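Undergrad: Which chain is which? The protein sequence lines are A and B, in order.
For reference, each letter of the first sequence is one residue, going 466 to 807 in this note's numbering.
For reference, each letter of the second sequence is one residue, going 38 to 309 in this note's numbering.
Note that beta-carbon positions come from the ideal geometry of N, C-alpha and C, so glycine has one too.
Note that the structure is a prediction, hence the values are computed from the model and not measured.
Provided herewith is a single structure, encoded as structure tokens, for subsequent inquiry.
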Amino acid sequence: MTSIIQQLLAKSARREPPTTGSRGDPGGRSPGYRSTAGSAAGADRRRAVRSGVGATRPGLAWAVPATVFFTLFAIVPLVLVAVLSFTSWNGIGTPKLIGLSNWSALWHDPVMLKSLWLSALLTTLGVVVQTPISILLGVWAAGHQRNRAVLAAVYFVPLLLSVTAVSVLWRALLDPNFGIPSDAGWLFGDGNLLGTQSGSIGVLAFVGAWQWTPLHTLIYQGGARAVPQVLYDAAAIDGAGTVRQFFHITLPQLRNTVITSMVLMVVGGLTTFDTVLILTQGGPGTDTTISAYYMYQQGFLSFDFGGASAIALVLVVVATLLSLLMVRLTGYDRMQSTAEGL
Amino acid sequence: MRQRPNYLAGFGSLIWLFLVGLPLYVMLTATLRTQSDYSTSGPLSFPAHLTLQNYLDDFSNGFGRDFLNTIVVTVSVVAIVLLVVPPLAYAIIRSRHRTMSTVFRIFLLGLAIPAQAVIVPMFYVISKAGLYDNLVGIILPTAAFCLPICTLILTGAMRDITSELYEAMAVDGASPARVFRQLVVPLSKGGLSTIVVFSALQAWNGFLFPLVLTQSDSTKVITLGLYNFQTEHGVDVPGLLSAVMLSMLPILVVYLFARRALVRGLMGVGGK
Chain A
466 MTSIIQQLLA
476 KSARREPPTT
486 GSRGDPGGRS
496 PGYRSTAGSA
506 AGADRRRAVR
516 SGVGATRPGL
526 AWAVPATVFF
536 TLFAIVPLVL
546 VAVLSFTSWN
556 GIGTPKLIGL
566 SNWSALWHDP
576 VMLKSLWLSA
586 LLTTLGVVVQ
596 TPISILLGVW
606 AAGHQRNRAV
616 LAAVYFVPLL
626 LSVTAVSVLW
636 RALLDPNFGI
646 PSDAGWLFGD
656 GNLLGTQSGS
666 IGVLAFVGAW
676 QWTPLHTLIY
686 QGGARAVPQV
696 LYDAAAIDGA
706 GTVRQFFHIT
716 LPQLRNTVIT
726 SMVLMVVGGL
736 TTFDTVLILT
746 QGGPGTDTTI
756 SAYYMYQQGF
766 LSFDFGGASA
776 IALVLVVVAT
786 LLSLLMVRLT
796 GYDRMQSTAE
806 GL
Chain B
38 MRQRPNYLAG
48 FGSLIWLFLV
58 GLPLYVMLTA
68 TLRTQSDYST
78 SGPLSFPAHL
88 TLQNYLDDFS
98 NGFGRDFLNT
108 IVVTVSVVAI
118 VLLVVPPLAY
128 AIIRSRHRTM
138 STVFRIFLLG
148 LAIPAQAVIV
158 PMFYVISKAG
168 LYDNLVGIIL
178 PTAAFCLPIC
188 TLILTGAMRD
198 ITSELYEAMA
208 VDGASPARVF
218 RQLVVPLSKG
228 GLSTIVVFSA
238 LQAWNGFLFP
248 LVLTQSDSTK
258 VITLGLYNFQ
268 TEHGVDVPGL
278 LSAVMLSMLP
288 ILVVYLFARR
298 ALVRGLMGVG
308 GK
């Protein structure tokens, strides 16, 4: 039963831009009766098409330019990052193979260990702060009232700014001498937020949330709009209030959306780099040196490009494993439809 | 549920409005006042008198050149994406060639490669190719990293074209090139506009590749200009924030006139 419904859903999705009958079909059959209503003439034509099919389908050549280009500038660098992690290279001249020494140095590097921990902390903070806010705002913005649409337009403004612009903006706004803290001392104390570890981590988490919550709100808004109204009507008949409807209908129906949004947050959090470079430079000391920034520092500031490549490889592997794990654990890969059982 | 007001979420949304609105207010007013007015009266006060001098100063400090460089990069990236992605997506949807699924899998794998992870080898490749400190050296990697998401978006749009339409074209004896020109491209306009917006945003806002692949003023793009401005004259907040405003102006214009396409493109940004 459910599989039939799923097939129907898939079919209707595939038909989305409605085709106005079939071109040149004398019977003018409606799109709903695709194969069953085929006249004898239609069947003949389909057979003719099938025999000449090779001529109308594009060959491999159509995919070559994009594939070659992408291989050169994305796949080759990915392979090279692994190769470079076994070399010593200062950015000029030729990299020299040095075996495993970058890796053993990395293994014994306390800053690397700390950076991994900080990356995990900032990523977790991002998920914990942004998920509830964006679910709440997204579900709210999914309503169709006019005022919500207007407010929603304002919410999305942070997304229009580049990460660089957002970081530069907040750096200026939080300046202890000329920024908001100097105007609102009752709230910020001495105002030197970036002078302590907890302060800088808080600022990084806040600025990340400021920029990315609108995106996740958009994602949840889309998810919430897709929840069938029937479920709410049924719940209302059973006397369930807003809160119960939220926890028993909206949240379970948003399961796949939550996973999509969380994978984005985790991968985005692990690779956060520009924000740290502009707001804290990894400081105070190495207190906000997360792995992605440590990689940049090792490579482009200390000119140890071999060591930087090793860190980069760790990042790729961890990010990929985490997203695979999340997809597996939650059953997202089986692509269970939330429309099941309807 | 939709009929009853949701007070908790409504309240939350007001707080969010404040958190978004306050910085935007400070930014806008700061750009319209003098530096001394900003530092003596504080960021939250309203400017004593309004001036556009900060914007003019930005242009005399080379912002115009950064702007032009960024336009060159953005237009080139969009051109490359439009040149290679539609044929690729068409082939993925319609080709029966054995290797096509491998090709598609390469691009899916590409989704998982963060640009941050490849900046060291990219620096190596671009230096060896003699493209270091050259706009071409920014354009090529930026375009390459747009391809996976753009391919995914466009194949999704092209799947909506029904097979009856292809069959009708085949009966007319159309070649793949003609099918592509007369059927596939016209019917995937929505997807095409999304990938244009997405890749333009990536190029316009890109920071990482310009940071590690260029160094001189003549190849500086806006984001790098903002970063340099902040590290060199960070105390000139009004000048800095007016540069931030200018950098977002083109996106704001697109937001006002093509919101739907922009929002879809932005959703793609999150996918990276």
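(1) Please compile the residues from chain A whose C-beta is within a distance smaller than 7 Å of the C-beta of threonine 260 (chain B).
(2) If we cut at 8 Å on Cβ distances, does glutamine 239 (chain B) have a partner in chain A?
(3) Pairs of beta-carbons, one from the stretch 217 to 234 of chain B and one from the stretch 191 to 198 of chain B, closer than 8 Å: are there three or more?
(4) I'd like to know if the stretch 683 to 692 of chain A and the stretch 718 to 736 of chain A are in contact, where contact means that at least 3 CB-CB pairs between them fall below 8 Å.
(5) In chain A, what lies closer than 9 Å to methionine 137 (chain B) by C-beta?
(6) Which residues in chain A sit within 8 Å of tyrosine 75 (chain B), going by Cβ to Cβ distance?
(7) Taking Cβ positions, are threonine 745 (chain A) and leucine 638 (chain A) nearer each other than 8 Å?
(8) How should serine 504 (chain A) be labelled, buried or exposed, when 16 other C-beta atoms within 10 angstroms of its C-beta is the threshold for buried?
(9) Does DSSP put serine 553 (chain A) in a helix, in a strand, or in coil?
(10) What is the DSSP secondary structure of lysine 561 (chain A), reduced to helix, strand or coil?
(11) Is there a Cβ of chain B sitting closer than 8 Å to that of tyrosine 685 (chain A), yes or no?
(12) Going by C-alpha to C-alpha distance, which of B:Thr66, B:Arg70, B:Leu293 and B:Asp273 sits closest to phenylalanine 643 (chain A)?
(13) Can you tell me whether leucine 226 (chain B) is helix, strand or coil according to DSSP?
(14) Comparing C-alpha positions only, which one of B:Ser225, B:Arg215, B:Ile186 and B:Val208 sits nearest to leucine 303 (chain B)?
(15) Please list, in chain order, the chain A residues whose beta carbon lies closer than 9 Å to that of leucine 303 (chain B).
(16) Taking the alpha-carbon positions, what's the glycine 747 (chain A) to phenylalanine 294 (chain B) distance?
(17) Identify the contact partners of valine 121 (chain B) in chain A, using a Cβ-Cβ distance below 8 Å as the criterion.
(18) Given that a residue counts as buried once 16 or more other Cβ atoms are within 10 Å of its Cβ, and exposed if not, what is leucine 269 (chain B)?
(19) Given that serine 647 (chain A) touches chain B, what residues does it touch there, using C-beta distances under 7 Å?
(20) Look at the Cβ atom of isoleucine 175 (chain B), then the Cβ atom of threonine 251 (chain B), and state whether they are nearer than 8 Å.
(21) Using only CA atoms, which one of A:Leu789, A:Ser788, A:Thr785 and A:Gly772 lies nearest to tryptophan 554 (chain A)?
(22) With 8 Å as the C-beta to C-beta threshold (strictly closer), list the residues of the stretch 773 to 788 of chain A near chain B in chain order.
(23) Please classify tyrosine 75 (chain B): does DSSP put it in a helix, a strand, or coil?
(24) Return helix, strand or coil for isoleucine 186 (chain B), following the three-state DSSP convention.
(25) Starting from threonine 736 (chain A), find everything on chain B with Cβ-Cβ shorter than 9 Å and list it in chain order.
(26) Measuring straight from C-alpha to C-alpha, what distance separates arginine 301 (chain B) and threonine 536 (chain A)?
(27) Any residues in the stretch 243 to 272 of chain B with a beta carbon nearer than 9 Å to a beta carbon of chain A? Which ones, in chain order?
(28) Please classify glycine 210 (chain B): does DSSP put it in a helix, a strand, or coil?
(29) Would you mind reading off the limits of the alpha helix (DSSP H) that contains aspartate 103 (chain B)?
(30) Could you tell me if phenylalanine 100 (chain B) is buried or exposed, where buried requires 16 or more neighbouring beta carbons within 10 angstroms of its beta carbon?
(31) Answer with buried or exposed for glutamine 694 (chain A), where buried requires no fewer than 16 other C-beta atoms within 10 angstroms of its C-beta.
(32) Using the rule of at least 16 other Cβ atoms within 10 Å of the residue's Cβ for burial, across every protein chain shown, is threonine 19 (chain B) buried or exposed?
(33) Alanine 152 (chain B) to phenylalanine 182 (chain B), Cα distance in whole Å?
(34) Candidates B:Leu87, B:Gly47 and B:Asn98: which alpha carbon is nearest leucine 65 (chain B)'s?
(35) Along the stretch 750 to 771 of chain A, what residues have a CB closer than 8 Å to any CB found in chain B?
TA: Let me lay it out:
(1) Position 223 of the second sequence, counting from 1, holds the residue named residue 260 (chain B). Residues of chain A passing the Cβ test: Ser627 and Thr629.
(2) Along the second sequence, one-based indexing puts residue 239 (chain B) at 202. With 8 Å as the cut-off, glutamine 239 (chain B) does not count as an interface residue toward chain A.
(3) yes
(4) yes
(5) Numbered from 1 along the second sequence, position 100 holds the residue referred to as residue 137 (chain B). Those are Leu525 and Ala528, listed as they occur along chain A.
(6) Walking along the second sequence from the start, residue 75 (chain B) turns up at place 38. Chain A residues near tyrosine 75 (chain B): Phe643.
(7) Counting from 1 along the first sequence, the entry for residue 745 (chain A) is found at position 280. Counting from 1 along the first sequence, the entry for residue 638 (chain A) is found at position 173. Result no, Cβ atoms of threonine 745 (chain A) and leucine 638 (chain A) do not sit closer than 8 Å.
(8) In the first sequence, residue 504 (chain A) corresponds to position 39, counting from 1. Reliability of the predicted coordinates at serine 504 (chain A) is poor, the pLDDT of 44 falling under 50, and the value obtained from them is presented with this limitation in mind. Looking at its Cβ environment, which holds fewer than 16 other Cβ atoms inside 10 Å, serine 504 (chain A) is exposed.
(9) Here residue 553 (chain A) refers to the residue found at position 88 of the first sequence. It is a strand residue.
(10) For the purposes of this step, residue 561 (chain A) is taken as the residue at position 96 of the first sequence. Lysine 561 (chain A) falls in the strand class under three-state DSSP.
(11) Position 220 of the first sequence, counted from the start, is the residue given in the question as residue 685 (chain A). No, no contact with chain B.
(12) For the purposes of this step, residue 643 (chain A) is taken as residue 178 along the first sequence, with counting starting at 1. That would be B:Asp273, whose Cα lies nearest to the Cα of phenylalanine 643 (chain A).
(13) The residue you call residue 226 (chain B) lines up with position 189 of the second sequence. Checking the sequence shown, residue 226 (chain B) turns out to be lysine, not leucine. If DSSP states are grouped into helix, strand and coil, lysine 226 (chain B) belongs with the helices.
(14) By one-based count along the second sequence, residue 303 (chain B) stands at place 266. Answer by Cα proximity: B:Ile186.
(15) Working through the second sequence from its first residue, we reach residue 303 (chain B) at position 266. Those within 9 Å of leucine 303 (chain B) in chain A are Phe621, Leu624, Leu625, Pro679, Leu680 and Leu683.
(16) Within the first sequence, the letter at position 282 stands for residue 747 (chain A). Within the second sequence, the letter at position 257 stands for residue 294 (chain B). The alpha-carbon atoms of glycine 747 (chain A) and phenylalanine 294 (chain B) are separated by roughly 39 Å.
(17) Sequence index remark: in the second sequence, residue 121 (chain B) carries index 84 (1-based). Simply Pro530, Ala531 and Phe534.
(18) Looking up residue 269 (chain B) in the second sequence gives position 232. Here residue 269 (chain B) is glutamate; the residue named in the question, leucine, does not match the sequence. Label assigned to glutamate 269 (chain B): exposed.
(19) Here residue 647 (chain A) refers to the residue found at position 182 of the first sequence. Gly79, listed in chain order.
(20) What you label residue 175 (chain B) is simply residue 138 of the second sequence in a count that begins at 1. What you label residue 251 (chain B) is simply residue 214 of the second sequence in a count that begins at 1. Yes, Cβ-Cβ distance for isoleucine 175 (chain B) and threonine 251 (chain B) is below 8 Å.
(21) Residue mapping note: residue 554 (chain A) aligns to position 89 of the first sequence, counting from 1. Residue A:Gly772 is the option with its Cα nearest to tryptophan 554 (chain A).
(22) Ala773, Ser774, Ala777, Leu778, Leu780, Val781, Ala784, Thr785 and Ser788
(23) If you number the second sequence from 1, residue 75 (chain B) lands on position 38. Helix.
(24) In the second sequence, counting from the first residue as 1, residue 186 (chain B) sits at position 149. In the structure shown, isoleucine 186 (chain B) sits in a helix (DSSP, three-state: H, G or I).
(25) Looking up residue 736 (chain A) in the first sequence gives position 271. Neighbours of threonine 736 (chain A) on chain B, chain order: Pro151, Ala152, Gln153 and Ala154.
(26) Sequence index remark: in the second sequence, residue 301 (chain B) carries index 264 (1-based). Sequence index remark: in the first sequence, residue 536 (chain A) carries index 71 (1-based). Taking the straight line joining both Cα atoms gives about 27 Å.
(27) Gly243, Phe244, Leu245, Leu248, Val249, Ile259, Thr260, Leu261, Leu263, Tyr264, Phe266, Gln267, Thr268, Gly271 and Val272
(28) Numbered from its first residue, the second sequence carries residue 210 (chain B) at position 173. Correct three-state label for glycine 210 (chain B): coil.
(29) Your numbering for residue 103 (chain B) matches position 66 in the second sequence. Per DSSP, aspartate 103 (chain B) belongs to the alpha helix (DSSP H) from 101 to 131.
(30) As a working note, residue 100 (chain B) is residue 63 in the second sequence. Answer is buried; the Cβ neighbour count reaches 16.
(31) What you label residue 694 (chain A) is simply residue 229 of the first sequence in a count that begins at 1. Exposed: under 16 other Cβ atoms inside 10 Å.
(32) This structure gives no information on residue 19 (chain B), because the portion of chain B shown stretches from 38 to 309.
(33) The residue labelled residue 152 (chain B) in the question sits at position 115 within the second sequence. The residue labelled residue 182 (chain B) in the question sits at position 145 within the second sequence. Each residue's Cα considered, the two are about 7 Å apart.
(34) Position 28 of the second sequence, counted from the first residue, corresponds to residue 65 (chain B). The residue with the shortest Cα to Cα distance from leucine 65 (chain B) is B:Leu87.
(35) Ala757, Met760, Tyr761, Gly764, Phe765 and Phe770
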